[in-house]
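Below is one structure, written out as structure tokens, with a few remarks after it.
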Amino acid sequence: MKNCGATMEKYLSLDKGERIPLSVTFHLLICERCRNEVRFFRKAETAAASNAQVGITDKSISAVMEKIYASEEHLENKVSLSKWIICGIAIIAMFLAAAFFLHGISSNALRICIYTELAVLITVYCALFIRSNMDFFVKLINAKISSPSISK
Numbered sequence: 230m231k232n233c234g235a236t237m238e239k240y241l242s243l244d245k246g247e248r249i250p251l252s253v254t255f256h257l258l259i260c261e262r263c264r265n266e267v268r269f270f271r272k273a274e275t276a277a278a279s280n281a282q283v284g285i286t287d288k289s290i291s292a293v294m295e296k297i298y299a300s301e302e303h304l305e306n307k308v309s310l311s312k313w314i315i316c317g318i319a320i321i322a323m324f325l326a327a328a329f330f331l332h333g334i335s336s337n338a339l340r341i342c343i344y345t346e347l348a349v350l351i352t353v354y355c356a357l358f359i360r361s362n363m364d365f366f367v368k369l370i371n372a373k374i375s376s377p378s379i380s381k
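Heads up: the sequence shown is residues 230 to 381, going by my numbering.
Encoded structure:
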């Protein structure tokens, strides 16, 4: 993207612990390359901080770089799709069970409370699923934008 350079400059100019501006956060959500660079910077900072006490030498720099590159292999999603599906089915089963058991209850307040809790559970489930599979959704959206369907 054309904004990558400006976005990375804004990110790198932030002080440690400073709040990330909304424009930078939004760009990082949609740009996988910049998101990976930020991950790389964070891992480099963590690895460098652990070696800072010993002193910096060529060997320590090489060790830091090896740690960073070794950890890049573990960035993939660790939760398989089958576990997400099983969890989703369990949530749907809980919703159906609640509907079945609450059918005879006359207390509307209890019904609203239980259905609200289930709605929050479904929302959290969906948010976690999207967050853990963000790269997939970004690629899907980019594919749809770059090759729009031709309508007659």
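A virtual CB, placed ideally from N, CA and C, is assigned to each residue, including glycine.
- Going by DSSP, cysteine 316 is part of the alpha helix (DSSP H) stretching over 310-331.
- Contact check for isoleucine 351 against phenylalanine 329 fails: the beta carbons are separated by 9 angstroms or more.
- Around the beta-carbon of threonine 236, 16 or more other beta-carbon atoms lie within 10 Å, marking it buried.
- By the beta-carbon neighbour count (other beta carbons within 10 angstroms, threshold 16), leucine 257 is buried.
- Take the alpha-carbon of alanine 326 and the one of leucine 357: they are about 23 angstroms apart.
- With respect to tyrosine 344, isoleucine 320 sits apart: the two C-beta atoms are not nearer than 9 angstroms.
- In this structure, DSSP gives leucine 243 a state outside helix and strand, which the three-state scheme calls coil.
- For valine 349, the number of other beta carbons within 10 angstroms of its own is below 16, and it is reported as exposed.
- Separation of the CB atoms of isoleucine 259 and valine 367 is rounded to 6 angstroms, and the pair is thereby assigned contact status at 8 angstroms.
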